[in-house]
Structures are given as C-alpha cells and as structure tokens.
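Okay, so here's the structure we're looking at.
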Amino acid sequence: MKLIVQKFGGTSVKTAESRHLAIGHIQSALKKGYQSVVVVSAIGRTGDPYATDTLLSLIDSPNTALSLREQDMLLSVGELISANVFADMLLKAGIKATALSGGQAGILTDDNHQNADILTVNPKRIYHELKNGADVVVVAGFQGATHSGDITTLGRGGSDTSAAALGVAVKADFIDIFTDVEGIMTADPRVVKRAKQLDKITYTEVMQMATEGAKVIHPRAVSTANRGKIPMRVRSTYSQNEGTLITDISPVEQKQAAQSHALFCGVTHINNLCQFTVTKTAALSAETLADLLAANRVNASFINETATELLFSVPDVRRHLIADVLNNQGNVATIREKCAKITVVGIEHRHMDDVSQTILTALNKENIRILQSKSNTNTLWVLVDEGNMIQAANSLHDIFNQTS
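Below you can see the structure in the form of structure tokens.
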C-alpha cells in the first residue's frame, strides 16, 4: 500500500474555492498511485464561525463553568465539521472517501485536556477503510481520545501534530503540510522583504526555527516525524510547487555542506519579551535562577551572567509573575520592556566565532544596541529593543544571505 499524508490548514479549507484547490492536490497524489490520509483543521481562522476562539466565545471562556473535558468536546467540533464538509466534496468529485474523528482514526492521548500528548496511534481503522473501498480517509485534526473514550484536543499546532503522528503510524512516504505560503522561508517575508524559500532543511534546523518564532509548522510535529524518519514537505495549497523538504541530511550532503560557504538556514524573531537584570547573591546564581524559572513554568530565552548580575528575558505576559517571585525572595530586578529576540539558525560550528563578530559589527554599525547575546553549536541569539527588530532582522539576513 502506497500512502501519503496530506494536511490542510484553516486557510486551505476556509472556502469552497480553496477546498477545490486542496482536492486538486489529492487528485494529483491519487494519479501517482497513492492512497491518502487527509488531515484537516477547522474551517477558517480567528473570527470565522468554526474557529477555536469563536467556539470558546459561545461559553464565555475563560469564565465558563464547564470542565476542561467538556470544553474539549466543544473545541473538537470545528475539525469534525471540516472533515465531513471536505469528505462530502471529495465524494461529489468522484473520489471514494470517508471521514473519521481523531479518536476513530486511532489517536490515543493522555488526559491532559486542551494540551494532550499523543501516546500511540493504532491505524487499524484507517487500513480497514482503505482496504474496503476508500481511496482517501479524511481525519479531523487537533484531536484524539483517552483510554476511557473522552475527546481531547492537542493544543497549539495540533493538526500538524495529528498529521505527523498518523504519517509515522501508517509509514507514509511523505507527510505534506499544505498552507498559504510556498514553503519554509529564510525569514518571515512580512518582516524581511528579501527572504527566500528553502528547498531543503533538516528536522533539527526546522525545529529550531519553529521554536525560535517561525510559524509555518509546529516543532512538536517535526519532532514526531523525525522519530519515524518520515520526510515532510511544507507546500502551498495555491500552487503545484514542491515546497520545502524536511528530512535528515545524508553523509554526502553533510560533507558537501562542510565544503561550501553556506553560513545559515534562517533568521527568526520573537517580539513581546522583557529583559530582567538581577543582582547575583549567595542564594541566587545562574543555576538557582534557572531552577526558579522552571518551577514556575517560565521558559527564559537565555540567561547571561556577568561578575555581579544575571540577565534573562521572558515573554511579557509572565513579567508580573517573575517579578513577584523574585521580590518574594528578596531579589530586586530591573525590567526592560518591549524587547525582541532575533535568532540566526543553522550556523556551521566552524564559522561561529566569525559569525558572532560579524553580527556585533553589523548591528553596531547601524547603531542597534545588543542587550544580550548567546550561542550554542549552531544557533546564535541576540536581544534588541523591539523598535529595532525589523532593521536588525533585515541587516542580519542580508549579511548571511550574501555570504551563503
């Protein structure tokens, strides 16, 4: 059985016109001899009738009296509607199709409602449908079911994660993620006008880009595909281009990359951060600070340490929580608001020293103050004032784009 998983996001299923374009991609796969497991998101995005925020507004969330289990029943409705609408259009187009919920498709999760983790996927029902007349099985994304049969939702990026988990379970040849962009870009084109599409990227690199602010695909989905070593493609619903291939790098390609002058794969950014500066004490070190942040479920972007101070940045929405935690322990912090983190991803380790110096030189030349910086084996971060983010991101992208 030759299988492909094709996931269509909210904008790809929003209108009859976009759904017809999506069906065109399914027809192309069928002509190549594939049977398809199609995963769909809810129809539309924020403000549309079946989008998650619209459904939550029906119960006046977050002031609802419903439990998280009951809320998940409501939240799953958007994808169920989408799956049935899509299956109906496939059938009317002469394509043998059937629709399944996430639970019916065999997605078993824990009971962490609204942010459930997939425990396992049993594709028995999918195989049954494909062996008994269906060429396409349409699965409602973003959802699964617990051992006791309760509906769960998977949180942010849930439909991507559904597609990846199903792709691994059925050992698909490819997992195609269809969206409204041509593929993964070297930067957000709304911020960096000269951003280019990447033809190929590794699982590790795209997970780093997604974690650091790129919004094309969720890192949990990429991690899932990586575990099963199933190639992913990020493609546009609105064109026939092959998009960006996400896979492992082969030994030959690794050797070629080491011999090339390619210095990076992308520049990402995250806004709405604030920087804390706190004085080191006998009781407060970098290690104890990291433990303190973790205990309060706060993910600090990075911690820098000087002889007398600790500097770190957190999302602005956690600012008051962290300030209170530090104050309660007798640590007074200085807080700088409206910061942005810019990340250069995919730097060859052998180039890191040169890259660091290049970044410092470039940003200083443009009078952009670097509030913090840090690097690891292949990634470098800088923190700047949010007002300088666009200028800094374009400057760094242009430098590395010219040298790649």
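All the letters of the sequence shown, read from the start, carry residue numbers 387 to 790 under my numbering.
For each residue, glycine too, the CB sits at the ideal point set by N, CA and C.
Computed from a predicted structure; not experimentally measured.
Item to complete: Please go through the same chain and pick out, in chain order, the residues whose beta-carbon is closer than 7 Å to the beta-carbon of G732, but skip the five residues on each side of it.
Response: E591, F650, C651, G652 and N764
Worksheet item: So is L389 buried or exposed if we call it buried at 16+ other beta carbons inside 10 Å?
Response: buried
Discussion item. Excluding the 5 residues flanking I587 on each side, which residues of the same chain have their C-beta closer than 7 Å to its C-beta?
Written reply: I570, T630, I632 and C651
Practice prompt. Using only alpha-carbon positions, find the residue among F786, N787 and V700 that is nearest to Q758.
Written response: V700
Discussion item. With H, G and I counted as helix, E and B as strand and the rest as coil, what does DSSP make of M593?
Written reply: helix
Item to complete: Pull up the CB-CB distance for V524 and V426, whole angstroms please, since I reckon it's below 8 Å.
Response: 6 Å
Worksheet entry | Burial state of R580, where buried means 16 or more other Cβ atoms lie within 10 Å | exposed
Worksheet item: Taking buried to mean at least 16 other C-beta atoms within 10 Å of its own C-beta, is P448 buried or exposed?
Response: exposed
Worksheet item: If you run the structure through DSSP and keep just helix, strand and coil, what is L345?
Response: With the chain covering 387 to 790 only, the question about residue 345 has no answer from this structure.
Worksheet item: How many angstroms separate the CA atom of Q777 from the CA atom of R755?
Response: 12 Å
Worksheet item: Where do the ends of the beta strand (DSSP E) carrying G433 lie?
Response: No beta strand (DSSP E) holds G433; DSSP gives it neither H nor E.
Worksheet item: How far does the alpha helix (DSSP H) with N470 in it reach, from first residue to last?
Response: V463 to K478
Worksheet item: For Y420, which of R405, M387, G395 and K393 has the nearest alpha-carbon?
Response: M387
Practice prompt. Could you name the residues of the same chain whose beta carbon sits closer than 6 Å to that of G395, not counting the 5 residues immediately before and after it, in chain order?
Written response: S427 and T565
Worksheet entry | Same chain only: Cβ atoms within 8 Å of L452, ignoring 5 sequence neighbours per side | I445 and L460
Item to complete: Check each candidate in V703, A686 and S398 and name the one with the smallest Cα separation from R431.
Response: S398
Worksheet item: In chain order, what residues of the same chain have a beta carbon less than 8 Å from the beta carbon of L486, not counting five sequence neighbours either side?
Response: A469, R511, I512, E515, V523, V524, V525 and A526
Worksheet item: Should E723 go down as buried or exposed, given a rule of 16 or more other Cβ atoms within 10 Å for buried?
Response: exposed
Worksheet item: Distance, Cα to Cα, N713 vs G599?
Response: 30 Å
Worksheet entry | Pick from R613, D739, V718 and V423 that is closest to I481, judged by C-alpha positions | V423
Item to complete: Give me the Cα-Cα distance between Q626 and V567, rounded to the nearest whole angstrom.
Response: 12 Å
Worksheet item: If we ignore side chains and look at the alpha-carbon of each, how far apart do Q583 and T572 end up?
Response: 6 Å
Worksheet item: Taking DSSP as the reference, what is the three-state secondary structure of S404?
Response: helix
Fill in: C-alpha gap between H647 and D784, whole angstroms
Because the pLDDT at H647 is just 45, under 50, the model does not fix this residue reliably, and the value given afterwards should be weighed accordingly. When rounded, the distance between both Cα atoms is 15 Å.
Fill in: Three-state class that DSSP yields for V577 in the structure shown
coil
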